[in-house]
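Protein chains in written order, with my numbering: chain H, 789 to 1109; chain X, 789 to 1109; chain Z, 789 to 1109; chain V, 789 to 1109.
Okay, so here's the structure we're looking at.
4 protein chains.
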Amino acid sequence: MPSAIVAGASGYAGALAARLLHQHPEFELTAVTSRSDAGIRLDELYPYHRVPLTLDAFDVDTHGDVDAAIVAYPHGASAPAVEQLHERGVKVVDLSADFRLTDPATYAEWYGEHGAPSLFGHAVYGLPERYREQIREAHIVANPGCFPTAAVLALAPLADVIGDVVIDAKTGVSGAGRAASAKTHFVSVAENVNPYGVGRHRHTPEIEQELGVTVQFTPHLLPIDQGELVSCYVTPTDEVDVAERFRSAYDGEPFVEVTDALPGSRDVRDTNLCRIHATHDERTGRILVFAAIDNLWKGAASQAVQNLNLMFGLDETAGLR
Amino acid sequence: MPSAIVAGASGYAGALAARLLHQHPEFELTAVTSRSDAGIRLDELYPYHRVPLTLDAFDVDTHGDVDAAIVAYPHGASAPAVEQLHERGVKVVDLSADFRLTDPATYAEWYGEHGAPSLFGHAVYGLPERYREQIREAHIVANPGCFPTAAVLALAPLADVIGDVVIDAKTGVSGAGRAASAKTHFVSVAENVNPYGVGRHRHTPEIEQELGVTVQFTPHLLPIDQGELVSCYVTPTDEVDVAERFRSAYDGEPFVEVTDALPGSRDVRDTNLCRIHATHDERTGRILVFAAIDNLWKGAASQAVQNLNLMFGLDETAGLR
Amino acid sequence: MPSAIVAGASGYAGALAARLLHQHPEFELTAVTSRSDAGIRLDELYPYHRVPLTLDAFDVDTHGDVDAAIVAYPHGASAPAVEQLHERGVKVVDLSADFRLTDPATYAEWYGEHGAPSLFGHAVYGLPERYREQIREAHIVANPGCFPTAAVLALAPLADVIGDVVIDAKTGVSGAGRAASAKTHFVSVAENVNPYGVGRHRHTPEIEQELGVTVQFTPHLLPIDQGELVSCYVTPTDEVDVAERFRSAYDGEPFVEVTDALPGSRDVRDTNLCRIHATHDERTGRILVFAAIDNLWKGAASQAVQNLNLMFGLDETAGLR
Amino acid sequence: MPSAIVAGASGYAGALAARLLHQHPEFELTAVTSRSDAGIRLDELYPYHRVPLTLDAFDVDTHGDVDAAIVAYPHGASAPAVEQLHERGVKVVDLSADFRLTDPATYAEWYGEHGAPSLFGHAVYGLPERYREQIREAHIVANPGCFPTAAVLALAPLADVIGDVVIDAKTGVSGAGRAASAKTHFVSVAENVNPYGVGRHRHTPEIEQELGVTVQFTPHLLPIDQGELVSCYVTPTDEVDVAERFRSAYDGEPFVEVTDALPGSRDVRDTNLCRIHATHDERTGRILVFAAIDNLWKGAASQAVQNLNLMFGLDETAGLR
C-alpha cells in the first residue's frame, strides 16, 4: 500500500485531503504537516475529519520517504516544497497555482517570480476529464483551481465555438481559506453577497489557458461554507447540438453529471462530482451552462485524490464514493 | 394628512409597506387588508413591523374612501383591485406586474390575458430616478419589479451604448414571497445557490422595455433573506467615460450611491438605496456594473412609498431615512 | 443479502434512510414508497442522496415480501403499516413515536388513541447503547426521537443521581420535517432563534420514561439545517466522579465520543455519532452535560440502520462509517 | 444641542453607537475614535451605518471638550479613558465591564486588577428599567452586558422568589466582537451551535449582583449575526401570579414588550426592545421566562443612547424609534 503525506494539512483543503487519504482503502496516510499548527492534533483542529494524527513542521528529511504527497501550501510557498519532494522521487499533487500555468510570461504577469523555475512546465494539469492519460504518467500534477475546475468542465465541450463568454461565479467562504479576516468574519458574510477580484482574479489566466479564449470572469462571495456555482453565458460562433456535445463529452465520466435539472451547489456538497446543465436560449442565441461543484472537494482535495489514484494505477474512484 | 391603505398586507412586501406608512410622518395608515389572513393582527404575523392593525378582507366600499393605496396583490389579481380604487379617485401604487409593460403584445406573451384592459397603458412606471415628473402627476403608478429596479438603475446611464449585455442576478428568499413551498423551505435554501427561471423570467421584458435592448437575464437564489445584487456585463458599442456617465446620471439622487467600493447587498439592507459600482475592464473591453438593493425595500415597498411621496407633492424622502 | 424497503421515503429522514440502505454493503434496497410523491424518482426529489429508485404508493401485497423495513411515517399513521409488515414477518424499525412509550396511559395523554393497540408494548426501544441485546432479538424496534437520543445518551450515566434536571435543546430545521410552512420558510428561520413546544413537547415523556425522572425540556429552533445540541443542567443527589461515569458508560461504544472539548453540532454532521462533554461546576454544584448529534442521522435514519444491523446479526457499524 | 463622541468606534457596538448618535435629533456627533483604524472613514468600514466621519486616535486633549461620550473599549482598557473624560466633566456611558460590578473582590476574582481604582463604585448600572432615576443624575453609567440586560429584565420581576435558576443563553456572532478569529470565521459558525465559557463566563457575576442569587449561566454561539435569547428556568420559593408580576413590572416601559407569543430574536432585531414571555409550567412547578434582545442594540449601543438620553434630561426614546 503506497504511503502518503499531506503537507499543509491545517488549511481547509489540506485537512480534507488528509481525511480522504486517512479513510482511503489504498493509501496509508503516514504524516500531516503544518508550520503554524505544529504539535496540535488534526482531530482537535477539525473534529469532524477524525484524523488521529499530530501535525509536524515539514522537513523533507523526515517526511520525504514516502510514495505520494499532496501539498496544500499557499501560492509561491508551494514550489520549493514540491521540488524537494520531487527530488526524492515522491509523486506530488500540488494544490497551489505554482504549476498550473504553462506560459512563463503569463505566470510572471499574474503571480510574479516563480519559486522553482527549473520545474516550470514539468507538471500535468490535473483535470482528469481532460488529461487522464497524462496524469497516469505524471510525477507532478498541478491540481486545478476551484473556479477553473467548474468553468473548464462547463465550457470545454464548447471550446471550439466560443465567440465570447461571460463567467459569473458564486462561491462559499471556505474558498477564501482558513485565515481569519474581516472578509471571512461571520458578520461580514451573513446576509450578504458581493463581487470580488473584479477584472483581476488569478483564476482568469488558468481558465483562458484551458479554453483558448479570453474570458470575462467574476467571482462572488456567498453566505455558504462549501459550494460553488459557475454561470456561463456563451455567444457561439456556430450552431451546435448542445445536448449532444455534453453527452458525448461526459458519457461514462464517473464524476460528471449532465442533468436536465438546473444544478444547485447543495446537490454536490461533500462529493467529487461536477453537475452540469447546458441549454440553448433561442430568444438570445446564447448557450447557457451552469456547473456546480464543492469547492473543497472537486475544486481541491478530492480531485487531488482522484489524481493520486490515476498516478498510482488505482481505480480512479477509490476512496471517493 | 392623506389617508392610505395597503391592500394585500400579509405578504412580505405589503407588510413592509404597511410598516413604512404606519411610521410615515405625512400619511395616516387607516387599514390593511388580506383575504387569507383576515381577522389576524398584522403585528401577530410580523411582530417586527409593529403595525397594530387587524387585517380585513378587501372591499372597495369599505376601504375605497381614502386618498392613497398601495396594492400588493399577485400578478393578475391586482388589476381589478387597482381599477376599483382608481374609479373611486384613489391614487394607487401597484406592486404587481400588471401595469408595468406598455406593449399589449409583450404583456400577452409573458403574462397572458390582462385583468383590466381599459386601464392598460394608463400607469406611469414607478422608477423615480427616470420618471420623477410623470410620477408627480400620475394616478396609477406601476412599481417596478425588484430585478428591473436594480438592473435599470445599473444600466440606464449606458443604455445608448449597450451592444450586448448579460445580467446575472442574485436574490434573497423573500423575493419568492411568503408562500411556503419546497423552494423556500430553509433546508432547501441553506448552503445552496442555484439559478432559476432560466431564459424565461418575467422581469426580462420589463428590463428590455426600459433599456431598449435585448438582455440575457438570469436570477439565482441565495441563502439570504433580504437583498439583491445584479452583475451586468456590457459590451459597449462605443467608448464612454464610465465614471462621468454615472456621476452625471445620479448626482443629487437621494437614493442612489455610486461608489468606488464594490457593493454588497448588506450595505443597503433595510434601506431605499441602490448602491452601484461601474468600471471599464481594459483587458476585455467590457463595462461591468454591479448594483445592490434590498429587494423588499427599493425593490418593492419603500420604492412604493417614494412614489407616493411624489404623487402627493411631499418631500421624496419623507419616511424613508 | 437481506432485502429492505423504506416506507415514507419522501421525507427527510426516510430519504436519508433510503440512501444509507442503498449504499449499505449488506442490505439490498428494493423499494421506496411515498403516497404524496408516488411516481417521482427519489433522486429527483433529493439529488444529493443519489438513490435511483422511483417512489411507489405503499401496498403491503407489493412491498411486504422483504426481510426488513424502515417505516418513516408521521406519528399515528405508522402503527397500521408496521402492523401489516410485522404480520408478514418483516423486521421493522419504526421512526415514528407510535411504539416508543411503554405505558398506555402516558401514550394516551400525549398522543391520543393508538393505531395498533394489539402491538402496543411489543417493540424494543431502539437506543443500542442501552438495549443492544434486546434489539438483536427484536422484530419491531421503536427508533428513539432525536431529542431523546441526545438527552438520554447525555443523562443515562447519571440517571441514579438526578435530583432535578433542565434540558435546553437546540435543533436545526430539518427536525421539523419537509412540510413547507410559515415556520420552516427560510425568511422565518434566518437570523432567528426561538423556543417552541414549551412545556408540552412530545419528546418529554419519552425522555422521562428512559431516565425515570421528571424533566424540564424545552426545544429551540435555529437557522441550521441539520444538527442538534442538548444542554443538560443536573442537580445531583449525590457526589459522583463525572468523568469516570461517562468513561465507563461509553468505553468501547462505536458511536459515542466523550470529549474534553465542548461539542458543536457541526462536529457530528452527517455521522451516526453522539459527542458528549460532561463537567462538574464547582461553583454551583451542578453537573453540566452537553451532547451533540445530527438529528437526521443518529437522531433518526442512521440510528435506524444501526438497529437493523443489530437485528440482522451484522456488524453494528456496517454502512455507517 | 449637546456634543458627543464615540471612543472605540471601529468595533461593532461602537460603530452602531456612532450611527445612532449621528442620526440622533438631540445630539451632535463630533468625533469618532479608533487606534487601530485611525485615518479610515467610518462609512468605509461600515457602509451600512453611513457615518461620514474619519476615525481619529483618541486623545483627551483633542476629544475631551464635549458634553457626552460613549466609550466602547475592551474590558480593562476602558477605565483609564473613562477617567480622563470624567475629569474633564464629560458625561460618560461605558460599554465595557469596568464599572459594572460594585464589589471590588468580585471584580478582582473575575477580571483582575482594575484600571481606575479611584472611580470604582462611582458609576450607575445602566439598566434604565431598574435605575432610571439614578441614571438621570449619573456622570458615569456602566452599560450592562448583553446577557445581563436580557437575563435581568427576564428575572427581576421574580427576584424575590428565585430558589434556583438555570439561564441558557443563545447569541449571534456579533457578540464576539469584530476581531477575526477561528471562532468567528464563517466556516466555523455556519451550520453549528456550541456552548462556550461554561461555568466561567464573566457576565455571571453581573447577573448575580443584580438578582442577588447564584445563577447557572451558559451562553451558546449560533449562526446569526445579531440577536440574543435567554431561556430562564426558575424554581420558585413561593407561588406567584406570573402574569401579574410581569405586567406590573413593565407596564408603561417604552422598550419592554411582555407577550403571549414566544419571542424570537428576529422580533427585536435592530431595535432597543426586550421582548419577554413568562409562564408557569404546572407539570414541573417551574417558572419559565424567555427574553429576546438585539445584542448590539439593547445589549449595547442603543441602550447606551437610552442612558445618554436620561443623563441629559431628554425624552428617553429620542433617536431610538
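Glycine residues also receive a C-beta, built at the ideal position from the N, C-alpha and C atoms.
All figures in this text were calculated on a predicted structure; none of them were measured in a lab.
Buried versus exposed call for residue i [16 or more other C-beta atoms within 10 Å across all chains shown]
i: Gly-903 (chain H); result: buried
i: Ser-824 (chain X); result: exposed
i: Gly-1107 (chain H); result: buried
i: Thr-972 (chain X); result: buried
i: Glu-1027 (chain X); result: exposed
i: Arg-807 (chain H); result: buried
i: Arg-888 (chain V); result: buried
i: Ile-828 (chain X); result: exposed
i: Ala-970 (chain H); result: exposed
i: Arg-1057 (chain X); result: buried
i: Gly-963 (chain X); result: buried
i: Asp-1082 (chain H); result: buried
i: Gly-1000 (chain Z); result: exposed
i: His-826 (chain Z); result: Residue 826 (chain Z) is actually Ala in this sequence, not His. By the neighbour-count rule (16 or more Cβ atoms within 10 Å), Ala-826 (chain Z) is not buried but exposed.
8 Å contact criterion, which residue i and residue j should meet: CB distance rounded
i: Thr-1002 (chain V); j: Glu-996 (chain V); result: 6 Å
i: Met-1099 (chain Z); j: Val-929 (chain Z); result: 7 Å
i: Ala-830 (chain H); j: His-837 (chain H); result: Looking at the sequence shown, residue 830 (chain H) is not Ala but Leu. Rounded, the Cβ-Cβ distance is 7 Å, consistent with contact.
i: Arg-966 (chain X); j: Gly-799 (chain X); result: 5 Å
i: Leu-907 (chain V); j: Val-870 (chain V); result: 7 Å
i: Gly-1087 (chain H); j: Ala-938 (chain H); result: 7 Å
i: Val-954 (chain H); j: Val-1030 (chain X); result: The Cβ separation is near 18 Å, so there is no contact.
i: Val-977 (chain H); j: Phe-974 (chain V); result: 4 Å
i: Leu-883 (chain V); j: Ile-858 (chain V); result: 7 Å
i: Pro-1011 (chain X); j: Gly-985 (chain X); result: About 18 Å; that fails the 8 Å criterion.
i: Asn-1095 (chain H); j: Ile-923 (chain H); result: 6 Å
Same chain only: Cβ atoms within 6 Å of residue i, ignoring 5 sequence neighbours per side
i: Glu-814 (chain V); result: Leu-1102 and Ala-1106
i: Tyr-834 (chain Z); result: Ala-803
i: Ala-867 (chain H); result: Asp-886, Gly-903 and Ala-904
i: Phe-935 (chain X); result: Ala-957 and His-991
i: Pro-945 (chain H); result: Arg-1033, Phe-1034 and Ala-1037
i: Ser-952 (chain X); result: According to the sequence shown, residue 952 (chain X) is Asp rather than Ser. Closer than 6 Å at Cβ, skipping near neighbours: Thr-1023.
i: Asn-1097 (chain Z); result: Glu-1104 and Ala-1106
Contact test: residue i Cβ vs the ligand SAH heavy atom, cutoff 7 Å
i: Met-1099 (chain V); result: Of the ligands one can find in the structure shown there are none, so the ligand SAH has no counterpart to examine.
Close beta carbons around residue i, own chain, < 7 Å, minus the five adjacent residues each side
i: Arg-1074 (chain H); result: Tyr-1021, Val-1022 and Thr-1023
i: Leu-941 (chain X); result: Glu-917, Val-1044, Cys-1062, Ile-1064 and Ala-1079
i: His-810 (chain Z); result: Leu-817 and Val-839
i: Asp-892 (chain H); result: According to the sequence as given, residue 892 (chain H) is Pro; it is not Asp. The residues are Phe-908.
i: Ala-801 (chain X); result: Ala-860, Leu-883, Leu-1084, Ala-1088 and Ala-1089
i: Glu-1041 (chain V); result: Glu-917
Cut-off 8 Å between Cβ atoms - residues of its own chain near residue i, not counting five sequence neighbours on either side
i: Ala-865 (chain H); result: Ser-884 and Gly-903
Any residues in the region 829 to 840 of chain H with a beta carbon nearer than 8 Å to a beta carbon of chain Z? Which ones, in chain order?
Glu-832, Pro-835 and Tyr-836
Where the region 1011 to 1041 of chain Z meets chain H: residues whose CB sits under 7 Å from a CB there
none
The region 1041 to 1057 of chain X: which residues have C-beta closer than 7 Å to a C-beta of chain H, in chain order?
Leu-1050, Pro-1051, Gly-1052, Ser-1053, Arg-1054 and Arg-1057
For the region 806 to 822 of chain X, list every residue whose C-beta sits within 9 Å of some C-beta in chain V, in sequence order.
Gln-811
Just list the alpha helix (DSSP H) runs in the region 916 to 967 of chain H, keeping only unbroken ones of 4 residues or longer that don't cross its boundaries, in chain order.
916 to 925 and 934 to 943
Where are the beta strand (DSSP E) runs, 3 residues long or more, that stay fully inside the region 1002 to 1029 of chain Z, in chain order?
1004 to 1009 and 1016 to 1024
Can you list the alpha helix (DSSP H) stretches of 4 or more residues lying completely in the region 1024 to 1063 of chain H, in chain order?
1030 to 1038
Pull out every residue of the region 860 to 890 of chain Z whose Cβ sits closer than 8 Å to any Cβ of chain H, in chain order.
none
Please identify, using Cβ separations under 9 Å, the residues of the region 922 to 940 of chain H that lie next to chain Z, in order along the chain.
none
So if I threshold CB-CB distances at 7 Å, which residues from the region 977 to 1006 of chain X count as touching chain H?
Glu-979, Asn-980, Val-981, Asn-982, Pro-983, Tyr-984, Val-986, Gly-987, Thr-1002, Gln-1004 and Thr-1006
With 7 Å as the limit, tell me which residues of the region 958 to 979 of chain Z have their beta carbon closer than that to any beta carbon of chain V; keep them in chain order.
Lys-958 and Glu-979
Which residues, taken in chain order from the region 1057 to 1072 of chain X, show a beta carbon closer than 7 Å to some beta carbon of chain H?
Arg-1057, Thr-1067, Asp-1069, Arg-1071 and Thr-1072
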